[in-house]
Structure formats: C-alpha cells, structure tokens
Amino acid sequence: MTTLQLKNIVKRYKSQTVLDDLSLDVAGGERLVLFGPSGSGKTVLLRLIAGVIEPDAGRVLIGGEDMTDVDAEHRGIGMAFQNFALFPHMSAFDNIASALTSRKSSKDTIAAGVHKVSKLLKIDHVLSHHPKALSNGQKQRTALARALVGSPPLLLLDDPLRNVDAKLRFEMRLELPRLLAAQGATVIYVTQDYKEAMALGDRIAVMAHGRIRQIGTPAEIYNAPADIEIARLFGDPTINLLEVVPQRGPDGAFVELSDMRLRLPGFGDEIVGKQCVLGLRPETIAFAEAASQGAIPVTVEAETPLNEKTVTLGLTARGREILVSRPAGTPGPVAGPAHIAVDGRTAFLFDKATGRRILPSELASKRNGEAA
Amino acid sequence: MNATALSIENVDKFYGPVDHGVHAVKQLNMDVMKGEIIALLGSSGCGKTSTLRMIAGFEPVSRGTISVAGRQVQTLAPVRRNVAMAFEGYSLYPPLTVRENIAFALKAAKLSQNVVEEKVASIAKLLEIEDILGRYPSSISGGQQQRASLGRALIREADLHLLDEPMGQLEPQLRAVLRGRIKHYIKERGLTAILVTHDQTEANALADRIAVMEGGVLQQFDTPQMIKERPANLFTGTFVGEPPMNVFEASVSGTEGRVAFGLEDGIRLEYPAADFSHAVRDALMKRKNVVLGIRPYSVRRSADGVTGRVAVNQWLGDQTHIAADFAGGTMVLVEHDRTNLEIGQPIGIRLDPGSLHVFDSESGMAISHGEELA
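Here the protein sequences line up with chains A and B, keeping their order. Letter by letter, the first sequence follows residues 583 to 954 of my numbering. Letter by letter, the second sequence follows residues 10 to 383 of my numbering.
Set out below in structure tokens:
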C-alpha cells in the first residue's frame with residue numbers, strides 16, 4: 583500500500599503564503615481527512631499532491647518516490663471533486679471509462695472495470711445516461727466511480743459529498759468506508775463537515791492558515807482539542823465557551839458559574855488569576871436536582887430539538903448562555919428555573935490570550951516526564 | 010392565545026392556466042393559531058415556497074381563501090396584509106445601512122427615537138450583527154445579510170411573521186445558539202411565525218408544528234414528536250428523521266397467538282400476538298406484504314436478537330452511528346455512547362414491537378405504530 587509524504591511544502595500566491603512549511607506523513611492504506619474552514623489551504627494542498635500545481639519549496643513523495651517534478655497523469659492518482667466535473671457530452675459509462683482510456687487498455691478490460699465499479703456504486707442501471715439525465719446523487723457516484731475505476735493506489739477526494747442532499751450524504755457516509763477499504767487505496771479526503779471527518783478519517787489533519795494545526799484520531803481531536811478554534815469546529819451543538827478567571831480554593835482551582843463554584847480537578851495555582859476560557863461540551867452537562875451538590879442554577883430560555891438530541895438554551899445568573907444537550911426522550915426542563923451539573927473533569931480550559939488549551943497540571947507534568 | 014392567526018382554505022396554486030398549468034399546491038387546508046411557530050418542510054418543488062408566497066401576497070392564489078387574523082387577504086396587496094417578511098430576494102435596501110434597514114421596519118409604528126434605537130440594539134445583539142449596523146448591505150457577507158433581513162422582520166409587530174429559509178447561510182457554530190435565542194424571542198412576544206425550510210433540523214428545532222409537503226400535497230401537519238412517533242405515511246416517515254428511518258419489505262403471517270414478519274434472507278421476526286392490539290392484528294392479517302419501519306435510535310442490541318453483521322461503526326463525538334448488514338439491506342443503529350464494535354462482528358438486533366411502524370406496501374399509508382393502529 584502506498585505511502586504519502588509531504589516535506590516542508592511552501593506555496594505562495596503573490597505575497598500570500600497559502601501553504602506554510604507544511605509536512606505530513608500518511609501511512610499506506612490510511613484514510614486521512616483534511617479538515618478546515620474555507621481558505622485554510624486544503625484544496626491547494628490536494629491539488630499540489632495531484633501535481634496540478636507546483637510547490638515553491640518542499641518535496642512530494644508517493645510510495646517513497648519523489649514525485650515533485652512528475653506530471654499529474656504519471657503520479658497514479660485518482661481524483662473526485664465536489665462539483666462532479668463530468669463531461670456533459672459523454673454517457674456515464676464513457677465518463678467513468680475516460681479514466682482508463684489513456685492507459686491503452688483493451689475494450690473488454692475497460693468495460694469489465696467500469697461495470698464492476700458501477701455495480702459497487704449502484705449506478706450500473708444508468709451507465710448509458712448523459713450527466714444531464716442523472717440525479718445529483720448519481721452524478722456524484724459517477725464521479726466517484728471514475729476516480730475508483732483504475733484502482734489507483736492513492737485517491738484524492740475533494741469534498742465529494744458537498745453538493746448532495748442530507749439523506750444521500752448520510753447514505754454515502756456509511757457506504758464510503760466499505761468502498762474505500764475494498765479498494766485498499768490510501769485516501770486523502772477533504773471536507774468541511776466535522777461529522778464526515780470523524781466518520782471517515784483514520785486520522786484528521788485540522789488545517790488553518792496554510793498549516794496543520796492539529797493531527798490525530800477523531801477521538802484525540804474531539805477529546806483533546808489543541809485550541810479553542812478546533813474545539814469550536816467539532817461538535818453539534820457547538821462547545822460552550824465562557825470567559826473565566828480561575829480562583830484558588832481549599833481543594834484546588836475553581837471558577838464561578840451562577841455564583842457557584844465549579845472545581846477544576848487537576849488544575850493548580852498556575853491558572854489562578856489568569857484570563858481563561860472554559861470549554862464545556864453541551865453533552866457533558868446534565869440537568870440536576872436543585873438540592874444536589876454543586877448544582878448550578880440556570881434559567882431555561884428555549885428547547886430546540888436536534889435530530890436525536892434535545893438541546894436546551896439556558897442562562898446563568900449572570901446572563902451567560904449555556905447549551906445543554908441530552909438524548910431525545912430523556913426528561914428535562916422546558917422553561918423557567920432549573921439546575922445543571924457540570925463535571926469539572928470534562929471541562930477544557932483555554933488560555934484566552936493564545937487560544938491554546940491548558941493541560942491539567944498532573945497531565946502536563948506527566949507529559950514532561952515522558953519527554954524527559 | 011386561542012385565536013386563529015392564519016387560515017388557509019381549499020387553496021390551489023397553478024402556474025399557467027387554472028386546471029391546466031403546473032399544479033404546485035393542491036387543495037391545501039391549514040389553520041395556524043396565534044403564537045404558534047409553524048415550519049413548512051419539504052424538498053424543492055414540494056409547494057412550500059409557493060404557499061409562503063401566496064400568504065405574503067407575492068403570488069395570487071388560483072382558488073381558495075387565505076385569512077390572516079380573521080380577515081380574508083388573498084386579493085390584497087402584500088403591504089395591506091400586516092405580515093412581516095424575511096425572504097430570499099426580498100432584499101435589504103441597498104442605500105440604507107443595516108441599522109437604517111432594521112429601523113425602517115418600525116417607521117409606521119411612529120415610535121420615539123430612543124425606543125427605536127433600543128429595539129434595534131437588542132435585536133442586533135440577539136443576532137450578533139452589532140458590529141455591522143453601520144455597514145451597507147453590499148459590503149457584508151451573505152450570512153450577515155440573512156441575519157439583518159431576519160432582524161428587520163422580527164423587530165416588527167405584525168399578525169404574521171413569514172421567514173424563508175431563515176438560517177440557511179449561517180455558519181454552523183452559530184446555529185444552535187441562534188435557534189434558541191430566536192425561539193425564545195418569538196415565544197416571549199407571542200408572535201406567530203411561518204418558516205419555510207428544506208432543513209428538517211431547523212424545522213424540528215424551532216417549530217411547534219411541522220407541515221410536511223410533497224408534490225404540492227400536505228402530507229402531515231403535526232407536532233415534531235407526533236411526526237416522529239406517528240408518521241402518516243412512508244414518505245413522512247422516511248423524510249423526517251436523521252438518520253433516516255430503516256425500512257424493510259416484509260410479508261405478514263399469523264399463527265395461533267403469533268404475528269410474524271418475513272424479511273429477505275429468510276429472516277423472520279416473530280412477536281406474541283398480545284404485542285399488538287386486536288385492530289392492528291386484523292389490519293395486518295388483511296395484507297400479505299407490508300413495509301416495516303424502525304427509527305435508528307429505537308433499534309436495540311441484544312444477545313437474543315436477530316444476527317446482523319457490523320459494516321460501519323462511526324463515532325461522532327456524542328453519538329455512534331452503526332450500520333449492520335441485515336436482511337439483504339442495511340440496519341442503522343444510533344447509540345448515545347461510544348461503542349467499540351469491530352467491522353464484521355456479529356451483533357444481535359432487537360426490534361421492539363412498540364417501536365415498529367408498519368406501512369401498506371402499495372399506498373404507503375401507515376397501518377400501525379407500535380401496538381396501536383395508525
């Protein structure tokens with residue numbers, strides 16, 4: 583299986599640095615998701631791997647071989663884009679086959695390949711149709727089939743589900759892992775949808791301003807985001823972010839919410855008096871009895887169901903907004919005064935000035951110990 | 010709060026000649042109470058936007074009547090209907106700043122300068138557009154224009170507020186909190202709002218009742234909970250719900266004290282007859298073939314269940330989506346914890362009779378939900 587290595591890639595357009603000394607190692611057969619807001623450099627990076635654009639500096643290694651100066655068509659890469667990019671004057675069959683014709687394969691080999699991949703993608707019944715007679719979903723599947731048909735060892739998928747409706751996107755999200763695993767290809771997948779990123783990526787590289795801000799498994803990104811922006815990009819509803827200044831208590835650091843103390847286990851004096859941002863994922867907050875220990879009073883403003891969750895917007899005593907989410911069908915208050923329970927162990931603490939996450943001191947010292 | 014805010018009676022909409030043109034809305038009947046939030050939900054071409062435009066007065070009705078606050082309005086010009094609107098294409102006035110655009114809506118109300126400023130400031134804060142109040146529409150993003158237009162509509166007092174895809178362009182990180190704030194704002198003031206959306210998440214989040222439309226026909230008009238628990242037909246059942254409802258074709262058979270459904274791959278689901286009411290059993294026994302539906306979050310894993318094989322296991326942070334090969338198709342399960350299932354691993358799948366939706370295989374109409382007749 584083919585590996586991909588990017589070494590110190592730089593790409594500038596005029597005075598703007600689009601990719602800024604970016605390095606990346608992708609294992610053979612891995613599915614790596616490039617995730618980030620628009621303008622973060624994902625698509626430029628993908629095109630650079632494809633060989634459509636050249637880097638100003640740095641090397642691209644595919645399967646250990648330096649491909650930096652090799653033409654796009656000789657890199658052995660399959661690609662699919664968000665806008666499908668099908669030839670309008672060709673049937674679906676010919677569109678898919680177009681990926682093979684440059685290789686001078688025999689007619690029978692081509693037909694066999696097209697039929698095999700079309701069956702897998704459930705478009706074998708529309709192969710004679712031209713793109714304008716295909717539904718959006720079928721167009722998207724045709725474009726995918728074209729990318730897959732030559733069994734390329736490296737597959738680049740640029741937000742392929744962007745322009746299909748929610749239902750189809752969900753269907754494909756379930757189907758793609760099987761399809762890609764069956765191909766055995768190494769996959770670079772670009773998306774702006776965090777659910778897609780978590781569902782499809784073995785690892786996710788979160789990009790911002792031409793750099794990789796964090797790279798890790800979905801669990802690492804979700805449970806240990808490197809900074810506020812990454813924490814905000816993953817999760818629905820979005821993580822609660824509250825400005826706080828931790829204080830020193832008898833049993834460690836705490837912050838105030840609705841004039842109640844929320845202990846932050848693992849944090850010590852290093853954060854006391856510091857301008858911080860507290861990050862609370864909505865699903866880690868629960869409604870609680872007024873009398874229970876540490877219960878924080880809130881006023882429920884509105885309940886807004888979200889798929890299989892119930893999301894509640896509450897206000898603290900100081901008028902700060904807090905979103906709470908719980909599985910649909912479980913009991914909770916609809917309006918008026920209520921109490922919430924927050925587990926300080928699940929809270930994230932960020933440095934307000936830098937946006938970086940502050941690790942609990944125990945964890946930080948353990949990490950330092952490992953490093954030493 | 011019991012007054013009828015909007016009444017739509019026997020409304021048809023044809024584009025082109027009546028009875029011969031394109032029949033976009035068919036025999037629509039709908040009553041909306043004062044203080045309700047209603048969502049018109051459907052895919053493009055379902056008739057939802059035509060309906061909203063007829064209420065607003067942008068499109069004439071071909072037949073039928075529309076009453077707002079008890080008065081027939083279908084022949085009145087839009088400005089005479091006392092409705093506030095946030096529409097795509099009903100854009101902000103380009104020569105006015107965002108602040109002036111929003112305040113303009115209050116002009117007719119003849120309020121003091123102070124009150125106007127206060128109201129504008131408060132709606133701007135709610136929609137997070139305070140920092141662009143001095144800007145002109147052409148210099149702000151699409152999402153900001155959408156929020157400004159929403160502000161201009163919400164600030165008004167009117168018999169009806171009509172909102173067309175009100176949050177379609179907002180960045181996802183803002184949506185959850187804005188939904189909560191807007192719902193609170195509308196409820197606190199007792200406004201009546203009709204919103205059109207193709208996004209069921211938005212409809213479920215905001216609406217007291219949802220009108221599901223397809224092919225110009227109102228399929229179901231009910232609370233989000235009822236639509237989820239008692240979908241009127243296969244269309245509504247599979248259209249509303251994310252992830253979508255699992256559906257399998259099945260044959261029905263009954264023996265002494267048992268009800269059995271035969272699925273593909275020789276899979277047989279057997280239930281004690283007592284799990285279903287008499288009426289349901291009678292209705293089922295009249296049919297040979299049905300469609301079985303079950304929502305992904307109602308599917309349980311259990312050792313004594315029918316075996317399926319895990320094909321996909323996707324953890325999304327606060328829930329896990331599992332797809333299993335089952336009865337020649339795919340069964341999707343949603344769990345709220347993180348599950349560590351291996352691909353290819355067999356799991357027992359239990360379909361509780363109380364969670365089963367049964368639909369007629371020909372008409373698609375619901376036969377039963379759980380043990381009760383539809």
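Don't be surprised by glycine CBs; every beta carbon is placed ideally from N, CA and C.
Exercise for the section: Identify whether residue 344 of chain B lies in helix, strand or coil by the three-state DSSP scheme. Expected result: On the second sequence, position 335 is the one that residue 344 of chain B refers to. Secondary structure at residue 344 of chain B: strand, using DSSP grouped into helix, strand and coil.
Practice task
Output the distance between the C-alpha atoms of residue 938 of chain A and residue 846 of chain A, rounded to the nearest integer angstrom.
Solution key: Looking up residue 938 of chain A in the first sequence gives position 356. Looking up residue 846 of chain A in the first sequence gives position 264. In a straight line, the C-alpha of residue 938 of chain A is about 17 Å away from that of residue 846 of chain A.
Practice task
Sort B/119, B/147, B/109 and B/150 by Cα distance to residue 130 of chain B and report the nearest one.
Solution key: Here residue 130 of chain B corresponds to residue number 121 of the second sequence, with the count starting at 1. Measuring from the Cα of residue 130 of chain B, the nearest candidate turns out to be B/109.
Exercise for the section: Measure from the C-beta of residue 182 of chain B to each C-beta in chain A and report whether the shortest distance is under 8 Å. Expected result: Translated into the one-based positions of the second sequence, residue 182 of chain B becomes position 173. Residue 182 of chain B counts as touching chain A.
Practice task
For residue 239 of chain B, I'd like the list of residues in its chain whose CB is within less than 6 Å of its CB, leaving aside the five on either flank, ordered along the chain.
Solution key: Start at 1 with the first residue of the second sequence, and residue 239 of chain B comes out as number 230. In the same chain as residue 239 of chain B, and ignoring 5 residues on each side of it, the C-beta atoms closer than 6 Å to its own belong to 378, in chain order.
Problem - Counterpart residues of residue 257 of chain B in DSSP-defined beta bridges - result: Along the second sequence, read from residue 1 onward, the residue named residue 257 of chain B stands at position 248. DSSP output for residue 257 of chain B lists B/301 as bridge partner(s).
Practice task
Determine, using beta carbons only, whether residue 189 of chain B comes closer than 8 Å to chain A.
Solution key: The sequence position of residue 189 of chain B within the second sequence is 180, counting from 1. Chain A contact via Cβ: present.
Exercise for the section: Excluding the 5 residues preceding and the 5 following residue 188 of chain B in the sequence, name in chain order all residues of the same chain whose CB lies nearer than 8 Å to its CB. Expected result: Along the second sequence, one-based indexing puts residue 188 of chain B at 179. Once the five neighbours on either side are set aside, the close Cβ partners of residue 188 of chain B are 176, 211, 214 and 215.
Exercise for the section: Answer with yes or no whether the minimum CB distance from residue 10 of chain B to chain A is below 8 Å. Expected result: For the purposes of this step, residue 10 of chain B is identified with residue 1 of the second sequence, where counting begins at 1. Here the model assigns residue 10 of chain B a pLDDT of 48, short of 50, so the residue's position is not dependable, and the following value carries that caveat. For residue 10 of chain B, the answer is no, since every Cβ of chain A falls outside 8 Å of its Cβ.
Practice task
Leaving out five residues on either side along the sequence, give the residues of the same chain with a beta carbon under 7 Å from the beta carbon of residue 279 of chain B.
Solution key: Position 270 of the second sequence, counted from the start, is the residue given in the question as residue 279 of chain B. If we look at residue 279 of chain B and ignore the five residues flanking it on each side, its Cβ neighbours are 267 and 269.
Practice task
Use the C-beta contact count for residue 255 of chain B: other C-beta atoms within 10 angstroms, 16 or more gives buried, fewer gives exposed.
Solution key: For this step, residue 255 of chain B is matched to residue 246 along the second sequence. So residue 255 of chain B ends up on the buried side.
Practice task
Report the residues of the segment 337–359 of chain B with a CB closer than 9 Å to any CB of chain A, ordered along the chain.
Solution key: Within the segment 337–359 of chain B, 339, 341, 343, 345, 347 and 352 place their CB atoms closer than 9 Å to a CB of chain A, listed in sequence order.
Practice task
In angstroms with no decimal places, state the Cα-to-Cα distance between residue 194 of chain B and residue 896 of chain A.
Solution key: Here residue 194 of chain B refers to the residue found at position 185 of the second sequence. Here residue 896 of chain A refers to the residue found at position 314 of the first sequence. If you take the alpha carbons of residue 194 of chain B and residue 896 of chain A, they lie about 14 Å apart.
Handout entry: Cβ neighbours of residue 934 of chain A in the same chain (closer than 6 Å, five flanking residues each side left out)
Key = The residue given as residue 934 of chain A occupies position 352 in the first sequence. The residues are 857, 858 and 859.
Problem - Distance between residue 646 of chain A and residue 780 of chain A (C-alpha atoms, nearest Å) - result: For the purposes of this step, residue 780 of chain A is taken as residue 198 along the first sequence, with counting starting at 1. For the purposes of this step, residue 646 of chain A is taken as residue 64 along the first sequence, with counting starting at 1. Roughly 28 Å separates the two Cα atoms.
Handout entry: Burial state of residue 38 of chain B (16 or more Cβ within 10 Å)
Key = The residue labelled residue 38 of chain B in the question sits at position 29 within the second sequence. So residue 38 of chain B counts as exposed.
Problem - Nearest neighbour of residue 126 of chain B, chosen from B/135, B/118 and B/112 [CA to CA] - result: The residue you call residue 126 of chain B lines up with position 117 of the second sequence. Checked all of B/135, B/118 and B/112; the closest Cα to residue 126 of chain B is B/112.
Practice task
Below 7 Å between beta carbons is the criterion; list the residues of the segment 710–739 of chain A that meet it against any residue of chain B, in chain order.
Solution key: none
Handout entry: Where residue 136 of chain B falls: helix, strand or coil (DSSP)
Key = Residue mapping note: residue 136 of chain B aligns to position 127 of the second sequence, counting from 1. If DSSP states are grouped into helix, strand and coil, residue 136 of chain B belongs with the helices.
Exercise for the section: Consult DSSP for residue 926 of chain A and reduce its assignment to one of helix, strand or coil. Expected result: By one-based count along the first sequence, residue 926 of chain A stands at place 344. Note: residue 926 of chain A maps to helix in three-state DSSP.
Exercise for the section: Kindly indicate which three-state DSSP category residue 24 of chain B falls into: helix, strand or coil? Expected result: One-based indexing of the second sequence puts residue 24 of chain B at position 15. Under the three-state reduction of DSSP output, residue 24 of chain B falls in the strand class.
Handout entry: Which of helix, strand or coil DSSP assigns to residue 17 of chain B
Key = Against the second sequence, residue 17 of chain B aligns to sequence position 8. Of the three classes helix, strand and coil, the one that applies to residue 17 of chain B here is strand, per DSSP.
Practice task
Please check if any C-beta of chain B sits within less than 8 Å of the C-beta of residue 953 of chain A.
Solution key: If you number the first sequence from 1, residue 953 of chain A lands on position 371. With a pLDDT of 49 at residue 953 of chain A, under the threshold of 50, the predicted position of this residue should be treated as unreliable, and no value is reported.
Exercise for the section: Could you confirm whether any beta carbon from chain A is found closer than 8 Å to the beta carbon of residue 65 of chain B? Expected result: Taking the first residue of the second sequence as 1, we reach residue 65 of chain B at position 56. Contact of residue 65 of chain B with chain A is not assigned, every C-beta pair being separated by 8 Å or more.
Problem - Whole-angstrom C-beta distance between residue 263 of chain B and residue 315 of chain B, which should lie under 8 Å - result: The count along the second sequence starts at 1 and reaches residue 315 of chain B at position 306. The count along the second sequence starts at 1 and reaches residue 263 of chain B at position 254. That belief does not hold up - the Cβ atoms of residue 315 of chain B and residue 263 of chain B are roughly 19 Å apart, past 8 Å.
Practice task
Tell me where the alpha helix (DSSP H) around residue 153 of chain B begins and ends.
Solution key: As a position in the second sequence, residue 153 of chain B is number 144, starting the count at 1. Taken as a continuous stretch (DSSP letters only), the alpha helix (DSSP H) holding residue 153 of chain B covers 151–163.
Practice task
Identify whether residue 131 of chain B lies in helix, strand or coil by the three-state DSSP scheme.
Solution key: Position 122 of the second sequence, counting from 1, holds the residue named residue 131 of chain B. Looking at residue 131 of chain B - three-state DSSP - the assignment turns out to be helix.
Practice task
Determine the direct distance from the alpha carbon of residue 44 of chain B to that of residue 21 of chain B, and round the result to whole angstroms.
Solution key: Position 12 of the second sequence holds residue 21 of chain B. Position 35 of the second sequence holds residue 44 of chain B. When rounded, the distance between both Cα atoms is 26 Å.
Exercise for the section: Check each residue of the segment 317–339 of chain B: if its Cβ is closer than 8 Å to any Cβ of chain A, include it; give the result in chain order. Expected result: 320, 321, 323, 324, 325, 326, 327, 328, 330, 332 and 339
Handout entry: Buried or exposed by the 16-neighbour rule on C-beta atoms within 10 Å, applied to residue 374 of chain B
Key = The sequence position of residue 374 of chain B within the second sequence is 365, counting from 1. Exposed.
Exercise for the section: Just confirm the distance between the C-beta atoms of residue 259 of chain B and residue 319 of chain B, as a whole number of angstroms; I'd bet it's less than 8 Å. Expected result: For the purposes of this step, residue 259 of chain B is identified with residue 250 of the second sequence, where counting begins at 1. For the purposes of this step, residue 319 of chain B is identified with residue 310 of the second sequence, where counting begins at 1. In fact, because the Cβ distance is near 23 Å, the residues do not count as touching under 8 Å.
Practice task
Would you mind telling me which residues of chain B sit closer than 7 Å to residue 887 of chain A, beta carbon to beta carbon, in chain order?
Solution key: Position 305 of the first sequence, counted from the start, is the residue given in the question as residue 887 of chain A. Near residue 887 of chain A (Cβ distances below 7 Å), the residues of chain B are 213, 214 and 233.
Practice task
Answer yes or no: does any C-beta atom of chain B fall closer than 8 Å to that of residue 809 of chain A?
Solution key: Here residue 809 of chain A is taken as the residue at index 227 of the first sequence, counted from 1. No, residue 809 of chain A does not count as interfacial toward chain B.
Practice task
Could you work out which residues of chain B lie near residue 816 of chain A, taking near to mean beta carbons separated by less than 8 Å?
Solution key: If you number the first sequence from 1, residue 816 of chain A lands on position 234. Result: 326.
Handout entry: C-beta neighbour in chain B for residue 780 of chain A, strict 8 Å
Key = Mapped onto the first sequence, residue 780 of chain A falls at position 198. Chain B, which has a Cβ nearer than 8 Å to the Cβ of residue 780 of chain A, makes this yes.
Exercise for the section: Would you mind working out which of B/78, B/301 and B/158 sits nearest residue 5 of chain B, comparing C-alpha positions? Expected result: In this structure chain B extends from 10 to 383, so residue 5 of chain B is not present and cannot be described.
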